[in-house]
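Single-structure report; data block below.
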Amino acid sequence: MKPIHKSAAARVEVNRAGELEAFVQVVDRGGFSAAARHLGLTPSAISKLVARLEARLSVQLVHRSTRKLQLTAEGQLFYERGLRVLADLDEAERCVGAGAAPRGRVSINASIPFGHRLLLPLVPRLLEAYPELQVDVVLTDRVVDLMEERCDIAIRWGKLPPSDLVGRLLGHTAQAIVGSPDYLARHGAPTTVEELARHNRLGSTYRRNVPDWPLVVDGRAVAMPVVGSARASDGAALRLLALEGVGLARLSVYHVLPDLRAGRLVPVMEAFNPHELEPLHAVYLGRPGRLPARVRAVLDFLAANADFEGADRVPAPAS
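Residue numbers for the sequence shown follow the numbering used here, so the first one is 62 and each next one is one higher.
Here's what the structure looks like:
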């Protein structure tokens, strides 16, 4: 017997569900013509599907005659098992299809500051809205590979580089140079670039960090090197250093908005702030129209509930 070519075998495997559906409908409808009308195929196509199924199984499933169709013993057994297989297939499609209720585990990655400020406060409401979801929250300032680390969604700030990732915009945040009232009382609030150069400027060891602070002087872009006595790996740690009066830090307004409103941190050098907005995205792999219901539900929830009100500008110092 001539062996089946690998690609041909693959085509046969792909059509197994179609063969089974055709066979079950022939039995349920009492004939090939009725099954063809139900499935929107020709009687000849239905006959070929059932014949191919019998050839693959090397057994006759139905006795054909001009007057009636009768199942063989093997056909009756295969029909009963086939009904269960098709029911399981329908259930599987309902579970993962576009109209499925969100259920299952969703892995979400975020930087430590955005995780604490944005993501974690939303988790209780997310799980209340979708009780059949389970959420894995992974906070790290390392940029993860979503495919390699089996991560469904990542929260990322800044402009997205070209990649296979799709981004869902969550909001924008301004940036500000800030210091604590205690630090400013001891060292004075800088009002010129020359004065800023004499201050302790706290830096970041984050790999995407820009080593200079952007300023605008007389309409020209100026880069202020970040030189100071301390650095930190993430914005949350820089915020704590600034709150403790160690030095000045340039931070996302979104991270420090409550501190600015309460007067725990004070913005400085606002006359030189370029007022550039940083976007924040929820990124994911795949096409928007083919997302699992569990991932789509989380993306929609984040987009609807991420609160960036007031983060797109630097508030005036608290009185």
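No residue lacks a Cβ here, since even glycine has one placed at the ideal position from N, Cα and C.
Cβ shell of residue i (< 8 Å), same chain only, five flanking positions each side left out
i, result
"G400", "Not covered by the structure: residue 400. The range shown for the chain is 62 to 380."
"H99", "Q86 and R90"
"E80", "L110, V111, R113, L114 and R117"
For residue j and residue i, believed in contact at Cβ under 8 Å, the rounded distance
i, j, result
"N102", "L114", "Reading the sequence as shown, one finds Leu at residue 102 and not Asn. Not a contact, Cβ separation roughly 14 Å."
"V287", "P275", "Wrong, their Cβ atoms sit about 11 Å apart, outside the cutoff."
"A364", "R203", "So it is not a contact: roughly 24 Å between Cβ atoms."
"L226", "L352", "About 13 Å; that fails the 8 Å criterion."
"A323", "A379", "6 Å"
"V375", "E331", "6 Å"
"S294", "T266", "5 Å"
"L321", "I214", "In fact, because the Cβ distance is near 29 Å, the residues do not count as touching under 8 Å."
"V356", "R217", "16 Å between Cβ atoms; not a contact."
"R325", "L304", "6 Å"
Own chain, CB closer than 7 Å to residue i, minus 5 neighbours either side, in chain order
i, result
"Y191", "P163 and A358"
"F362", "L187 and A190"
"R166", "Q195 and D197"
"L150", "A78"
Contact under 7 Å by Cβ, residue i with residue j
i, j, result
"V314", "A237", "yes"
"H342", "R178", "no"
"H233", "D368", "no"
"A97", "I107", "yes"
"L299", "G371", "no"
"A297", "P174", "yes"
"L130", "G92", "yes"
"A246", "V329", "no"
Residue i (DSSP reduced to helix, strand or coil)
i, result
"S94", "helix"
"E141", "helix"
"A69", "Residue confidence is low: A69 scores 42 on pLDDT, short of 50, so the model does not pin down where it sits. No coordinate-derived value is stated."
"Q86", "helix"
"V205", "coil"
"G136", "helix"
"V75", "Confidence at V75 is low in this model, with a pLDDT of 48, below 50, so its placement is unreliable and no value can be given for it."
"V356", "helix"
Residue nearest to residue i in terms of C-alpha spacing, selected from the options
i, options, result
"E256", "A377, M285, L138 and V205", "M285"
"N170", "A367, V283, S294 and L200", "L200"
"E135", "S265, L118, G249 and P353", "L118"
"V277", "A310, G249, H336 and T266", "H336"
"E82", "T133, G143, P174 and A112", "G143"
"N76", "V88, L181 and L110", "L110"
"S224", "R145, V146, L180 and R348", "R348"
"L180", "M208, L221 and L231", "L231"
Residues near residue i in its chain [Cβ-Cβ closer than 6 Å; skip 5 each side]
i, result
"C212", "S168, N170 and V205"
"N366", "L183"
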